[in-house]
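If you use the numbering used here, the sequence shown corresponds to residues 5 to 182, in order.
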Amino acid sequence: RAALQKIRTEIWQMREEKDIRQVLEAIRKSLDTVDIAFSCLGINVVDRLLSPPTVHYYTYAVHDTKPRWVEFDSNKDDGAIIDIQAQKTLVYRPDLSAEDEYQERAVLEEAYGYPVLSVIDIPFSDGTLALNHSETHAFTTRDIEFLQALTEALSEGFQRTRDLRTLAERNQALEQEI
């Protein structure tokens with residue numbers, strides 16, 4: 005509860021859309037607090053206003069020489085993320101060496117430079133929360149329950165970004181009118 009409260013505190017301290025980065029950092033720290041180990045943490049934001057829908061990625065890889073949040077848009081097929089978010093159902097792949105439904109193992113290994121054997125994607129209002137690990141069966145039932153609660157807070161954070169964007173647009177329109 006304390007870890008989730010810290011995330012929600014960061015959400016309510018947001019003053020601009022870009023402040024979502026502080027929320028992301030609070031999420032990363034909360035995973036440390038509750039002892040959920042991961043190799044990479046991703047917030048995959050689906051933009052359904054574009055045709056075809058695209059995904060904007062925020063990633064934090066523990067194994068990087070200088071771990072930090074990295075943002076990028078993919079030019080590759082984002083179909084799996086888009087589908088998982090649309091289905092609104094958690095998708096856990098506990099052992100990619102045994103079953104690789106989305107043919108992602110080689111892509112992830114190439115992207116991160118180490119074998120990725122467990123992946124979990126949990127949908128939220130704007131995309132998916134994704135964690136991967138270099139070990140099989142890395143995430144427990146307790147981990148999954150916490151991650152699901154975390155996605156509720158994440159949805160609140162992205163709603164706050166939309167609200168802040170709308171407010172900024174209205175303020176700009178008023179300034180132009182004046």
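Glycine is no exception: its CB is placed at the ideal position from the N, C-alpha and C atoms.
Taken through DSSP and simplified to helix, strand or coil, residue 123 comes out as strand. The Cβ atoms of residue 95 and residue 51 do not sit closer than 7 Å to each other. The C-alpha of residue 41 is placed about 10 Å away from the C-alpha of residue 138.
Around residue 123, the same chain offers 97, 136 as residues with beta carbons nearer than 6 Å, after the five sequence neighbours per side are excluded. According to the DSSP assignment, residue 111 belongs to no beta strand (DSSP E) but to the alpha helix (DSSP H) extending over 109 to 116. Secondary structure at residue 75: strand, using DSSP grouped into helix, strand and coil.
Here the C-alpha atom of residue 99 lies approximately 6 Å from the C-alpha atom of residue 141. Residue 133: member of the beta strand (DSSP E) spanning 131 to 137, first to last residue.
Within the same chain, and ignoring the five residues on either side of residue 131 in sequence, the residues whose Cβ sits closer than 6 Å to its Cβ are 48, 49, 50, 89. Residue 5 and residue 155 have their C-alpha atoms some 14 Å from each other. With fewer than 16 other CB atoms across the displayed protein chains lying within 10 angstroms of its CB, residue 25 is exposed. When DSSP reads this structure, residue 65 sits in a beta bridge with 44.
By the beta-carbon neighbour count (other beta carbons within 10 angstroms, threshold 16), residue 182 is exposed. In this structure, the beta-carbon distance from residue 59 to residue 82 falls below 7 Å.
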